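K.L.:
Could you have a look at this structure, given as structure tokens, before my questions?
Here's what the structure looks like:
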């Protein structure tokens, strides 16, 4: 961790208009939860829809995408990353610091609101809400790592990230069973199943597989991002 | 002594060769990297500052490879061409952050010293996003100088500066050069380079065209054969009068243009000869225009010589 890198990253992330979009996500979740409670629907079913499909399936990846690319892609895009890189700082330190800021922000903006929304909707019963929160923590961290890597790899990180989240996870993942094994969202759901009381949350991917893949993808993406950042080439205007 | 060595370096992007087998040594004092736009100046500076790998050859600082070696930044201060620099920070916060990133013992004092050096203390509490181009350039300088580097690399530092800012920056760079630091800056304007640099490296179309003292380069550039297009009241008589003199190398009568194409041996001799000859022969000159005064043609002459 480098405190200066962390400070610059956090200010860049929250100091721009981006913060409004980021804050809109948890606010939306809480508003929907307040409106949806006590409307006569089965409570558990409601929790699955809001915390599972909406939050874990859409809000966490969107937040992870905006935050994960926001902590590095913007700086690479406008060239200001030069001021971080022209320093005797190990590249992995820059990447892990930025990742820590991204993970912390994703948790704050998605996992915490999910827990609060869950309490509003369902309370603490059956550990269902805790399960979804743990799932959001795990998948939020993995999304941050993957989207940070995308930010280092490509100038079109947001498009590539959206394609992954929307096309692979949401579209293909809901029809093709095999695709679910390679879906961050499903790994989070698998953790939710493990934490919640038996039979309350159903996940298609086994816990051991999910944990392994979370660790491999998280660590792998971070290592690869460090290597790629060390060899970052400045684009020439010539 | 900090010396950057570029040894048989080439860099290509796909099929395009941006830098072609360049060898040069940049030592203490001010060196100007001169060349027309697109000549490969930025590519060279990117390689010297560790932001681009050479496709062939080696770029080193005192023998240490620069690419993928973050330790060189203890010695190198880089002033990039791009302007973006964390617009949401104030000048002070920006320079202080740079000092902290270098891991300096007293970053506050270093930032203060660097800002004073570029005379930006008065505006240090404003956001860098509100700075003029010249102010940004100076704060970028402060960030590059904050760790007291022995090498300073500047990519087109005078671009877009007004004359006053230009003078101020030149004065600053002169001081660093006099301190025995290795200062390298790029420019596509000869006058700019010769005002500042004793030593000039010229690159044209990716190749190392010339190297040496600025007087040497200046002489090469003015003493080349000059071409003129001349129209007069009697072209043929003027031609015969001119060819008798040694300062004219060749004359062609261009029937389509109805003009003479004259190749002069030296600039000084020909420009005094032409009006004299014309007057003596009673010929009226209608047009005298240099045919190859563009910077590119000056540079390409250097390449071929």
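Protein chains in written order, with UniProt numbering: chain B, 1 to 238; chain G, 1 to 305. All C-beta atoms in this analysis are idealised placements derived from N, C-alpha and C, irrespective of residue type, glycine included. Note that this is a predicted model, so its numbers are computed, not measured.
If the cut-off is 8 Å on Cβ atoms, which residues from the segment 98-109 of chain G count as contacting chain B, listed in chain order?
P.N.:
Those residues of the segment 98-109 of chain G that come within reach of chain B (Cβ to Cβ, closer than 8 Å) are 98, 100, 101, 102 and 103.
K.L.:
Please state whether the Cβ-Cβ distance between residue 91(G) and residue 65(G) is less than 8 Å.
P.N.:
Here residue 91(G) refers to the residue found at position 91 when the second chain is read from its first residue. Here residue 65(G) refers to the residue found at position 65 when the second chain is read from its first residue. Their beta carbons are not under 8 Å apart, which means residue 91(G) does not touch residue 65(G) by this criterion.
K.L.:
In angstroms, rounded to a whole number, what distance separates the CA positions of residue 266(G) and residue 256(G)?
P.N.:
Translated into the one-based positions of the second chain, residue 266(G) becomes position 266. Translated into the one-based positions of the second chain, residue 256(G) becomes position 256. If you take the alpha carbons of residue 266(G) and residue 256(G), they lie about 27 Å apart.
K.L.:
Examine chain B for any beta-carbon lying closer than 8 Å to the beta-carbon of residue 70(G), and answer yes or no.
P.N.:
Here residue 70(G) refers to the residue found at position 70 when the second chain is read from its first residue. True, the Cβ-Cβ gap to chain B drops below 8 Å.
K.L.:
Does any C-beta atom of chain B lie closer than 8 Å to the C-beta of residue 141(G)?
P.N.:
Residue 141(G) sits at position 141 when you count from the first residue of the second chain. No, no contact with chain B.
K.L.:
Per DSSP, which residues does residue 185(G) bridge with? Please list them.
P.N.:
By one-based count along the second chain, residue 185(G) stands at place 185. Bridge partners of residue 185(G): 32(G) and 154(G).
K.L.:
Verify whether the separation of the beta carbon atoms of residue 107(B) and residue 137(B) is less than 8 Å.
P.N.:
Against the first chain, residue 107(B) aligns to sequence position 107. Against the first chain, residue 137(B) aligns to sequence position 137. Their beta carbons are under 8 Å apart, which means residue 107(B) touches residue 137(B) by this criterion.
K.L.:
Which bits of chain B does residue 51(G) rub up against, with CB to CB less than 9 Å?
P.N.:
Mapped onto the second chain, residue 51(G) falls at position 51. Those within 9 Å of residue 51(G) in chain B are 82, 85, 86, 232, 233 and 234.
K.L.:
Starting from the beta carbon of residue 15(B), find every residue of chain G whose beta carbon is closer than 7 Å, and list them in chain order.
P.N.:
Along the first chain, one-based indexing puts residue 15(B) at 15. 88, listed in chain order.
K.L.:
Return the residue from the list 11(G), 278(G) and 102(G) that minimises the CA-CA distance to residue 242(G).
P.N.:
Taking the first residue of the second chain as position 1, residue 242(G) is located at position 242. Ranking the options by Cα distance to residue 242(G), first place goes to 278(G).
K.L.:
Here's the rule: buried if 16 or more other CB atoms are within 10 angstroms of the residue's CB, otherwise exposed. What is residue 48(G)?
P.N.:
Here residue 48(G) corresponds to residue number 48 of the second chain, with the count starting at 1. With 16 or more other Cβ atoms within 10 Å, it is buried.
K.L.:
Would residue 131(G) pass as an interface residue toward chain B - the criterion being a Cβ-Cβ separation below 8 Å?
P.N.:
Here residue 131(G) refers to the residue found at position 131 of the second chain. For residue 131(G), the answer is no, since every Cβ of chain B falls outside 8 Å of its Cβ.
K.L.:
Residues in its own chain within less than 6 Å of residue 56(G) by CB, not counting five upstream and five downstream?
P.N.:
On the second chain, residue 56(G) is found 56 positions in, with the first residue counted as 1. So the list reads 10, once near-sequence residues are dropped.
K.L.:
How many angstroms separate the CA atom of residue 59(G) from the CA atom of residue 219(G)?
P.N.:
By 1-based counting over the second chain, the position of residue 59(G) is 59. By 1-based counting over the second chain, the position of residue 219(G) is 219. When rounded, the distance between both Cα atoms is 30 Å.
K.L.:
Please determine if the segment 20-38 of chain G and the segment 190-204 of chain G are in contact, where contact requires at least 3 C-beta pairs separated by less than 8 Å.
P.N.:
Counting Cβ pairs under 8 Å, three or more are found: they touch.
K.L.:
Count the other C-beta atoms from every protein chain shown that fall within 10 angstroms of the C-beta of residue 119(G), then say buried if there are 16 or more, exposed otherwise.
P.N.:
For this step, residue 119(G) is matched to residue 119 along the second chain. Exposed: under 16 other Cβ atoms inside 10 Å.
K.L.:
So, under 8 Å CB-CB, residue 161(G) and residue 124(G) are touching, yes? Tell me the CB distance rounded to an integer number of Å.
P.N.:
If you number the second chain from 1, residue 161(G) lands on position 161. If you number the second chain from 1, residue 124(G) lands on position 124. That pair is no contact at about 20 Å.
K.L.:
Under 8 Å between C-beta atoms, does residue 155(B) make it to chain G?
P.N.:
On the first chain, residue 155(B) is found 155 positions in, with the first residue counted as 1. No, because no Cβ of chain G sits closer than 8 Å to the Cβ of residue 155(B).
K.L.:
Does the segment 163-177 of chain G come close enough to the segment 106-114 of chain G that 3 or more CB-CB pairs lie under 8 Å?
P.N.:
Because the criterion of three Cβ pairs below 8 Å is not met, the segment 106-114 of chain G and the segment 163-177 of chain G do not touch.
K.L.:
Give the C-beta separation of residue 249(G) and residue 225(G) to the nearest angstrom, bearing in mind that I take them to be a contact with Cβ-Cβ under 8 Å.
P.N.:
In the second chain, the residue the question calls residue 249(G) occupies position 249. In the second chain, the residue the question calls residue 225(G) occupies position 225. Contact holds; Cβ gap of about 6 Å.
K.L.:
Does any CB atom of chain B fall closer than 8 Å to the CB of residue 150(G)?
P.N.:
What you label residue 150(G) is simply residue 150 of the second chain in a count that begins at 1. Cβ-Cβ to chain B under 8 Å: no for residue 150(G).
K.L.:
I'd like to know if residue 18(B) contacts chain G, where contact means its C-beta is closer than 8 Å to some C-beta of that chain.
P.N.:
For the purposes of this step, residue 18(B) is taken as residue 18 along the first chain, with counting starting at 1. It does not: the Cβ of residue 18(B) has no partner Cβ on chain G nearer than 8 Å.
K.L.:
Quick one: what's got a C-beta closer than 6 Å to residue 103(B)'s C-beta in the same chain, skipping five residues either side?
P.N.:
The sequence position of residue 103(B) within the first chain is 103, counting from 1. Hits under 6 Å: 141 and 144.
K.L.:
In whole angstroms, what separates the C-alpha of residue 204(G) from that of residue 39(G)?
P.N.:
Within the second chain, residue 204(G) is the residue found at index 204, counting from 1. Within the second chain, residue 39(G) is the residue found at index 39, counting from 1. So the two alpha carbons sit approximately 5 Å from each other.
K.L.:
May I have the straight-line CA-CA distance separating residue 60(B) from residue 206(G), to the nearest angstrom?
P.N.:
Position 60 of the first chain holds residue 60(B). Position 206 of the second chain holds residue 206(G). Cα to Cα, the separation comes out at about 49 Å.
K.L.:
Starting from residue 58(G), follow its DSSP beta bridges and name the residues at the other end.
P.N.:
Stepping through the second chain from its first residue, residue 58(G) is reached at position 58. Looking at the DSSP assignment, residue 58(G) forms a beta bridge with 7(G).
K.L.:
Please confirm whether residue 184(G) has its beta-carbon closer than 8 Å to some beta-carbon of chain B.
P.N.:
Numbered from 1 along the second chain, position 184 holds the residue referred to as residue 184(G). No, residue 184(G) lies away from the interface with chain B (no Cβ there is under 8 Å from its Cβ).
K.L.:
Go ahead and label residue 50(B) buried or exposed: buried means 16 or more other beta carbons lie within 10 angstroms of its beta carbon, across all protein chains shown.
P.N.:
Position 50 of the first chain, counting from 1, holds the residue named residue 50(B). Per the 10 Å Cβ criterion, buried.
K.L.:
Answer yes or no: do residue 45(G) and residue 182(G) have a C-beta to C-beta separation smaller than 8 Å?
P.N.:
On the second chain, residue 45(G) is found 45 positions in, with the first residue counted as 1. On the second chain, residue 182(G) is found 182 positions in, with the first residue counted as 1. For residue 45(G) and residue 182(G), no; Cβs fall outside 8 Å.
K.L.:
Is residue 222(B) buried or exposed, if buried means 16 or more other CB atoms sit within 10 Å of its CB?
P.N.:
Position 222 of the first chain holds residue 222(B). It counts as buried.
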